[in-house]
Amino acid sequence: MAQITLKNLAHSYHATPRGEQDFALKQMDHVWQDGGAYALLGSSGCGKTTLLNIISGLLRPSQGRVLFGNTDVTDAETAERNIAQVFQFPVVYDTMTVRDNLAFPLRNRGMDAAYIKARVAQIAAMIGMDHILDRKARGLTADAKQKISLGRGMVREDVNAILFDEPLTVIDPHMKWELRTQLKQLHREFGHTMIYVTHDQTEALTFADKVVVMYDGRVVQMGTPEDLFETPAHTFVGYFIGSPGMNILPAEIRGGTAHLQGAAVPLGAAYGPITGRTQIGIRPEYCVLTEGDGLPITIRRVEDVGRHRIVRGEVAGSPVNVIAPEGMPVGAALTHVRFTPDRINVYADDWRVAPAGGAA
Amino acid sequence: MEKTQNNKAWFLVLPVLVIVAFSAVIPLMTVVNYALNDTFGNNEFFWVGLEWFEEMVTSDRLHEALGRQILFSAIILAIEVPLGIYIALNMPKKGFWASVCLVLMALPLLIPFNVVGTIWQIFGRVDIGLLGHYLAELGIDYNYTNDPLDAWITVIVMDVWHWTSLVALLCYAGLQSIPQAYYQAARVDQASRWAVFRYIELPKMAGVLLIAVLLRFMDSFMIYTEPFVVTGGGPGSSTTFLSIDLVKMAVGQFDLGPAAAFSIMYFLVILLVSWVFYTVMTNLDKEEGR
């Protein structure tokens with residue numbers, strides 16, 4: 042087990058990259074703590090899998106170093122790095138039995154037969170396959186095969202890290218929950234560093250202690266689920282996390298007030314002079330519909346999603362979503378929306394600006 | 399609800415029946431006719447029953463040709479299948495060189511059989527052939543026209559040259575369909591090169607490999623043109639395979655009765671082998687749950 046350090050790392054799939062747009066991963070410096078459970082979250086094509094493959098050694102980065110603990114492993118083979126990886130689509134050895142599939146990584150490392158037997162039994166029980174250990178893997182359903190892949194990923198106890206590349210894509214929703222819980226339990230039990238790639242925010246937020254949000258080849262924020270929700274560092278994080286995402290409105294910031302097409306919105310703190318394109322971000326959860334207090338809103342649609350309602354409307358020419366609690370009547374009298382001042386984040390060129398006072 | 403029966407619908411299949419009758423049934427029945435009768439020309443036929451079949455089944459000449467045929471098919475399968483797999487495994491997976499390889503590999507397959515025979519016939523000649531001449535220069539006593547072993551080697555090398563590409567290309571297609579994740583997982587699992595072949599590549603190639611073996615078996619079992627052009631079945635009858643023998647019998651000696659009986663048995667053997675292959679292949683598919 043080891044802390045993983047990425048130093049000046051960048052990767053391009055072009056042999057001779059010309060400029061930043063050719064890089065699938067923009068230059069980054071990150072440290073992944075030993076024993077952490079990380080989720081790597083982002084939309085498709087943002088570089089999540091590239092980053093994962095660089096950590097596992099399947100891909101050599103175009104520049105920068107990868108360190109496990111204090112050892113530079115940039116040029117080390119995958120096998121030497123001693124990591125486990127589970128892929129998006131099930132990879133099983135068709136002609137082997139379930140048992141042999143699970144034992145394969147241990148046998149290749151020359152483990153003792155008695156140990157292999159015990160360990161395979163333990164893992165099989167965990168993934169709920171102990172009754173079909175002697176069946177051929179060929180002909181099993183996709184989610185059974187993926188469980189074998191997960192099992193193979195977890196069978197070695199001494200790995201530096203376990204990497205998961207959207208492993209639950211092919212699995213039934215109810216089974217997803219169960220497996221994720223088991224992964225979490227496993228993490229608590231053995232304390233492996235786990236990196237879990239996903240584009241599903243629920244999966245990321247429930248699995249990880251720390252969520253790493255990637256956007257366009259860059260890590261835009263690394264933080265706890267709470268950080269991501271309350272203080273998104275980038276408008277993409279605000280938009281990507283939450284359902285619906287954060288409302289982003291162009292505004293001019295002057296001291297403790299944001300000006301939106303003439304209307305003034307009080308902010309929770311004062312800001313110094315800001316250059317660039319300024320916007321404010323407010324989560325739908327912190328917007329309140331009122332009968333005259335706040336900004337005028339044109340309501341377009343109300344969606345009842347069960348535990349609350351999502352009111353979709355427009356404020357000063359920008360779309361704004363408001364979450365109205367269940368039971369609160371939404372009627373024609375509600376013509377205004379009030380933003381809770383200390384929940385408003387300010388962005389300049391999409392990146393969050395800290396208030397002048399230093400308080401968050 | 400009662401279904402309406404309209405037997406006039408049968409007329410709709412009539413055109414197909416006519417075509418099949420003229421293209422397959424009538425020619426085949428003509429052969430059957432020859433196999434069961436003796437004829438002295440003039441369209442006069444005398445019923446002989448299974449006499450020709452008995453003669454053929456007990457004929458030493460046919461046994462020898464069959465033995466040679468089986469040996470030939472066995473040797474070329476034993477060479478071409480492993481060699482084809484080996485080539486497929488070592489071909490570049492993508493890029494410019496992959497295309498170059500594919501074109502080069504496909505070339506022998508595009509040459510007419512007759513031309514392949516002629517190429518090797520000249521190539522191997524001791525007087526003017528590139529191969530024959532230089533082997534002689536090196537002091538190797540090589541002459542496919544009067545040494546049976548040399549004739550066999552020539553015919554086998556020619557077949558390997560001509561057809562290994564087919565096996566290689568089919569295997570290559572099978573290999574290309576393996577997702578990259580399998581190789582990555584194998585690297586993570588620290589699998590050896592042999593384990594990758596044994597547990598990933600071979601199982602994924604099994605389907606196409608069976609087709610390759612079937613095609614190569616059938617083609618080699620029916621081989622005629624190339625050895626006929628190179629050796630004409632000689633020296634003696636050392637490279638006289640079943641087809642060559644059949645043509646000698648039917649066209650050369652004009653023994654239509656025995657030749658017809660021979661043809662029918664030949665046909666049945668190939669049908670039987672193909673059926674066995676088909677059964678094996680469908681069972682394999684079932685096992686995979688497709």
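So the protein sequences, as listed, match chains A and B.
Mapped onto the working numbering, the consecutive letters of the first sequence carry residue numbers 42 to 401.
Mapped onto the working numbering, the consecutive letters of the second sequence carry residue numbers 399 to 688.
For every residue, glycine included, the Cβ atom is placed at its ideal position computed from N, Cα and C.
Note that the structure is predicted; figures quoted are calculated from it, not measured.
Ranked by how close their Cα comes to the Cα of A/Val343, the residues A/Val371, A/Val329, A/Leu147 and A/Val378 have A/Val371 in first place.
Every unbroken stretch of the alpha helix (DSSP H) spanning 4 or more residues and falling wholly within the segment 619–644 of chain B is given here in chain order: 623–628. When 7 Å is used as the limit between beta carbons, A/Leu99 is near these residues of chain B: Gln582 and Arg585, in chain order. Close to A/Asn149, with beta-carbon spacing below 8 Å, are these residues of chain B in chain order: Asp587, Gln588, Ala589, Ser590 and Ala593. For the set A/Gly83, A/Glu61 and A/Thr112, the Cα lying nearest the Cα of A/Lys48 is the one of A/Thr112. Straight across, the Cα-Cα distance linking A/Glu355 with A/Asn288 is about 10 Å. DSSP places B/Val611 within a helical segment (H, G or I) once states are collapsed to three. By the neighbour-count criterion, in which a residue is buried when 16 or more other Cβ atoms sit within 10 angstroms of its Cβ, A/Thr234 is buried.
At a cut-off of 8 Å between C-beta atoms, B/Pro490 does not count as an interface residue with respect to chain A. For B/Ile483, none of the residues of chain A pass the 7 Å Cβ criterion, the least Cβ distance being about 16 Å. Within 9 Å of the CB of B/Ile473, no CB atom of chain A is found; the nearest one sits about 28 Å away.
A direct Cα-to-Cα measurement between A/Met216 and A/Ile351 gives close to 29 Å. Your pair A/Ala249 and A/Ala125 does not check out as a contact, with CB atoms roughly 17 Å apart and the cut at 8 Å.
Within chain A, the residues Phe128, Gln129, Phe130 and Val132 have their CB atoms less than 8 Å from the CB of B/Ala579, given in chain order.
In this structure, A/Ala374 lies away from A/Leu301, with their beta-carbon atoms at least 8 Å apart. For B/Ile576, no chain A residue has a C-beta closer than 9 Å to its own C-beta; the minimum C-beta separation is roughly 10 Å.
Short of 6 Å from the beta carbon of A/Thr276, and not among the five residues preceding or following it, lie these beta carbons of its own chain, in chain order: Ile289, Tyr388 and Asp391. For A/Met195, there are no neighbours in chain B by C-beta distance under 7 Å, as the nearest C-beta there is about 12 Å away. Under the three-state reduction of DSSP output, A/Leu174 falls in the coil class, being neither helix nor strand. In this chain, the beta strand (DSSP E) harbouring A/Pro307 covers Ala304 to Tyr312. For A/Asp241, the closest alpha carbon among the candidates A/Trp218, A/Phe231 and A/Lys186 is that of A/Trp218. Using a Cβ-Cβ cut-off of 9 Å, A/Ala165 is close to nothing in chain B; its nearest Cβ partner there is about 17 Å away. Taking the Cα positions, A/Pro273 is about 15 Å away from A/Arg259. Contact between A/Ser103 and A/Ala51 holds: their C-beta atoms lie close to 6 Å from each other, under 8 Å.
In this structure, A/Ile323 sits away from A/Thr376, with a CB-CB distance that is not shorter than 8 Å. The alpha-carbon of B/Phe619 is positioned some 10 Å away from that of B/Leu469. Not flagged as an interface residue toward chain B: A/Ile236, since no C-beta distance is shorter than 8 Å.
In this structure, A/Ala144 places its C-beta atom within 8 Å of the C-beta atom of A/Val161. When only Cα atoms are considered, B/Ser471 and B/Gly465 end up about 10 Å apart. Assignment of B/Val513 by DSSP, reduced to helix, strand and coil, places it in the helix class. If one requires a minimum length of 3 residues, no beta strand (DSSP E) run lies completely within the segment 132–198 of chain A. Closest option to A/Asp141, judged by alpha-carbon separation, among A/Ala154, A/Phe130 and A/Gln129: A/Ala154. At a cut-off of 8 Å between beta-carbon atoms, B/Ile468 makes no contact with chain A.
DSSP, read as helix, strand or coil, puts A/Gln74 in coil. Annotation: A/Met263 to A/Ile282 spans about 13 Å, alpha carbon to alpha carbon.
For A/Phe64, there are no C-beta contacts with chain B under 7 Å, since the nearest C-beta of that chain is about 21 Å from it.
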